[in-house]
Amino acid sequence: YKVTDQDKDPADVYPEVPGITYANFALSDEKKSEEERAAALKELYDYESYHKEYFMGYQVNQDLHYKEDLATYLDYHMNNAGDAFIEANCKTNSKFAERAVLDYFASLWNAKWPHQNYENKFSEDWTESYWGYIVSAGCTEANIFALWSARDYLSGQMTYLNGIEQNEAIRRKSRVKRTFNAASATAGSLDTQFTPVAFFSQDAHYSITKAMHVLSIHTFNSKGKEYGSCPLKYPEDYPQNYSEHYLDTDGWPYNVPSNDDGSVYIPALVKLVDFFAEKGHPILINFNYGSTFKGAYDNVESAIKQLVPILKKHNLYERKVVYDKETGDYDMRAGYWFHVDGALGAAYAPFYQMLKEEQTMPVFDFRIKEVTSIAVSGHKWLGSPMPCGIYMTRVRNQMLPPDNPTYIGSPDSTFAGSRNALSPLIMWEYLSKNSYADFIKKVETGLTITGYAVEQLQALQEEIGLDLWVEYTPLTLTVRFRKAAPEVVTKYSLSGEDLYVGDEERSYSHIYIMAHVTKELVDNLIADLRTYGFEKQMQNLSMQINRNIL
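Quick note: to get my numbering, add 90 to the position in the sequence shown (first position is 1).
Quick look at the structure:
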């Protein structure tokens with residue numbers, strides 16, 4: 091068997107990584123000697139350890155302590171394929187731990203628990219109990235699964251509850267038809283009643299835009315052009331400092347406008363939803379709870395309170411849906427789906443709310459009966475060595491899986507096929523080692539250090555005589571400021587974003603105060619910002635900074 095030879099040395103083609111010698115990691119037909127492997131692993135350890143020590147730019151907790159109890163399981167293949175609540179044929183799984191973690195968050199998010207299904211229901215309102223699973227690829231997977239479920243639910247596809255009311259032969263027949271209906275409904279059907287339109291703010295995570303493309307879901311921007319002029323008039327219907335650069339050439343905003351703090355601008359959302367609901371479109375909304383760059387919390391409860399009268403006015407709060415045209419079978423379901431992307435905030439907000447007697451953070455969870463689904467990341471505020479997260483909804487909103495493979499012995503009700511079984515153990519380990527009181531203390535400490543970072547950046551701003559655009563959304567764990575010099579960006583793994591403030595384009599960096607970030611690390615950052623300065627924003631900016639320092 092012949093293999094191909096390289097066209098060029100990969101070390102000359104791939105990005106240079108300071109501290110890493112690509113030749114040490116390159117693989118060939120010969121196994122590496124122990125000396126070669128040792129050299130590569132030494133570089134790996136030094137590289138990762140250095141960047142872990144100074145890590146501040148992303149909402150990832152680096153304070154991890156799993157090696158002692160869980161290292162053994164790196165030598166086990168464990169697979170949680172299929173539904174979390176149904177045992178599968180692959181017995182090397184951790185579904186029992188997964189269910190414990192899901193129950194923990196169901197309680198924390200005020201869902202009805204434990205999960206009940208058709209076989210184990212023990213209460214009359216069992217369909218109000220939660221259903222969910224631990225995703226293997228971070229909150230992006232949970233968001234995509236939520237929007238996939240929303241698309242099918244709103245386009246009239248069969249739910250789990252519909253499926254259990256029919257015999258197996260009809261269910262198989264319906265699954266074939268289900269695939270066809272889903273494709274036609276999302277391809278731009280003239281029947282607006284089953285063509286959902288999605289809304290998400292300009293501060294939504296990029297995974298939401300990705301999901302819209304992958305799932306062929308119409309956004310209000312893409313669908314709106316078919317109806318002509320946007321109902322929002324600039325500037326009166328937009329928040330203060332909103333830039334025309336966020337409008338397309340037809341005058342439609344690319345996304346729902348956000349306030350300066352990063353939360354969705356509810357008056358614009360309400361007006362846009364009313365426009366499409368009046369035309370009969372079911373409504374799909376993604377709310378942010380701890381937005382990616384600004385850490386902002388959408389006021390989910392307030393927004394929904396203002397949207398409910400609109401949904402009722404246009405007969406979308408509850409509607410009759412015929413999910414099988416041949417039999418005429420129908421159910422009564424909502425004409426909306428409200429998803430909460432709580433990748434960061436949904437993990438720690440409940441503990442802050444426990445800390446304060448008064449309600450200081452917006453309610454986001456299943457206390458709001460119209461909230462349909464929630465997602466959270468496990469590797470962010472909690473902390474995990476690999477990306478993971480949770481998707482959760484109610485049984486009444488659970489969709490019928492496209493297939494029921496006997497091969498795995500469990501319905502294929504999740505997005506992934508094989509699912510990482512180590513993540514549930516990681517999350518179980520973390521939760522088992524911390525009480526509510528411990529988590530409350532972690533939130534207090536994080537907010538204190540965040541406040542300290544704001545003070546130090548403001549002090550540096552006064553010291554060097556340059557506006558650093560220091561901005562902080564209250565009760566978040568992130569601070570944003572003028573984009574740092576490349577040396578600082580690299581050392582602290584700082585993420586950046588270009589934003590318009592009115593007509594001014596600004597480049598920002600931000601830091602996230604996760605559990606591993608200390609006041610000493612903040613001081614190190616300030617010292618390096620003082621030394622290296624900030625990205626060049628205008629001609630001779632670096633000279634100006636140096637002159638002010640001197």
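Where a beta carbon is used, it is the ideal one built from N, C-alpha and C, also for glycine. The structure presented is a predicted model; accordingly, all values stated were derived computationally and were not measured.
Cα-Cα separation between residue i and residue j, rounded to whole angstroms
i: tyrosine 526; j: alanine 129; result: 43 Å
i: lysine 573; j: glutamate 326; result: 31 Å
i: proline 105; j: valine 430; result: 37 Å
i: alanine 227; j: tyrosine 413; result: 31 Å
i: aspartate 338; j: phenylalanine 289; result: 16 Å
i: leucine 472; j: lysine 415; result: 46 Å
i: histidine 155; j: serine 474; result: 9 Å
i: aspartate 153; j: tyrosine 163; result: 20 Å
i: lysine 92; j: methionine 168; result: 35 Å
i: tryptophan 518; j: alanine 433; result: 18 Å
i: proline 477; j: aspartate 99; result: 32 Å
i: leucine 584; j: alanine 605; result: 17 Å
i: isoleucine 307; j: valine 103; result: 38 Å
i: alanine 187; j: tyrosine 481; result: 16 Å
i: lysine 142; j: tyrosine 135; result: 10 Å
i: arginine 596; j: aspartate 588; result: 6 Å
i: isoleucine 110; j: tyrosine 324; result: 51 Å
i: alanine 101; j: aspartate 557; result: 41 Å
i: serine 245; j: glutamine 283; result: 8 Å
i: aspartate 455; j: asparagine 200; result: 7 Å
i: tryptophan 342; j: tyrosine 420; result: 36 Å
i: glycine 253; j: alanine 171; result: 21 Å
Coil, strand or helix - residue i by DSSP
i: serine 333; result: coil
i: serine 197; result: helix
i: glutamate 594; result: strand
i: serine 353; result: coil
i: arginine 457; result: coil
i: alanine 129; result: helix
i: alanine 574; result: strand
i: methionine 489; result: strand
i: arginine 509; result: coil
i: proline 343; result: strand
i: asparagine 524; result: coil
i: valine 266; result: Low local confidence applies: a pLDDT of 41 at valine 266 is under 50, so the model's placement there is unreliable, with the coordinate-based value given in what follows. The answer is helix: DSSP assigns valine 266 an H, G or I state.
i: serine 319; result: coil
i: methionine 444; result: helix
i: methionine 302; result: helix
i: aspartate 102; result: helix
i: glycine 432; result: coil
i: tryptophan 518; result: helix
i: tryptophan 427; result: strand
i: threonine 504; result: coil
i: glutamate 561; result: strand
Whether residue i touches residue j by CB criterion (7 Å)
i: serine 463; j: alanine 294; result: no
i: asparagine 331; j: glycine 541; result: no
i: lysine 446; j: threonine 563; result: no
i: valine 569; j: tyrosine 438; result: no
i: isoleucine 603; j: isoleucine 539; result: yes
i: tyrosine 373; j: valine 363; result: Note on identity: in this sequence residue 373 is isoleucine, with tyrosine being the wrong assignment. Yes. Within cutoff.
i: glutamine 247; j: lysine 470; result: no
i: glutamine 292; j: asparagine 349; result: no
i: proline 204; j: aspartate 215; result: no
i: phenylalanine 428; j: valine 461; result: yes
i: alanine 196; j: tyrosine 166; result: no
i: threonine 285; j: valine 485; result: no
i: alanine 174; j: tyrosine 144; result: no
i: glycine 536; j: leucine 567; result: yes
i: serine 503; j: proline 492; result: no
i: asparagine 114; j: glutamate 138; result: no
i: alanine 358; j: leucine 401; result: no
i: tyrosine 208; j: glutamine 488; result: no
i: leucine 305; j: arginine 241; result: yes
i: isoleucine 616; j: glutamine 546; result: yes
Integer Cβ distance of residue i from residue j, believed to fall under 8 Å
i: phenylalanine 624; j: tyrosine 598; result: In fact, because the Cβ distance is near 10 Å, the residues do not count as touching under 8 Å.
i: glycine 425; j: tyrosine 407; result: 7 Å
i: proline 501; j: isoleucine 176; result: 6 Å
i: asparagine 233; j: alanine 301; result: 6 Å
i: valine 612; j: alanine 543; result: 5 Å
i: proline 452; j: tyrosine 387; result: 5 Å
i: glutamine 582; j: glycine 147; result: Here the sequence assigns tyrosine to residue 582, which means glutamine is not the residue at that position. Confirmed, about 6 Å.
Residue i: CB within 6 Å of a non-hydrogen atom of the ligand SAM
i: valine 363; result: Within the structure as shown, the ligand SAM is missing, as the structure has no ligands at all.
In chain order, which alpha helix (DSSP H) runs of at least 4 residues are fully inside the region 222-250? 229-244
Go through the region 126-212 residue by residue and report every complete run of the alpha helix (DSSP H) that reaches 4 residues or more, in order. Within the region 126-212, the runs of alpha helix (DSSP H) at least 4 residues long that lie entirely inside it are, in chain order, 157-160, 185-198.
Those runs of the beta strand (DSSP E) which lie wholly inside the region 358-416 and span at least 3 residues: 373-378, 409-414
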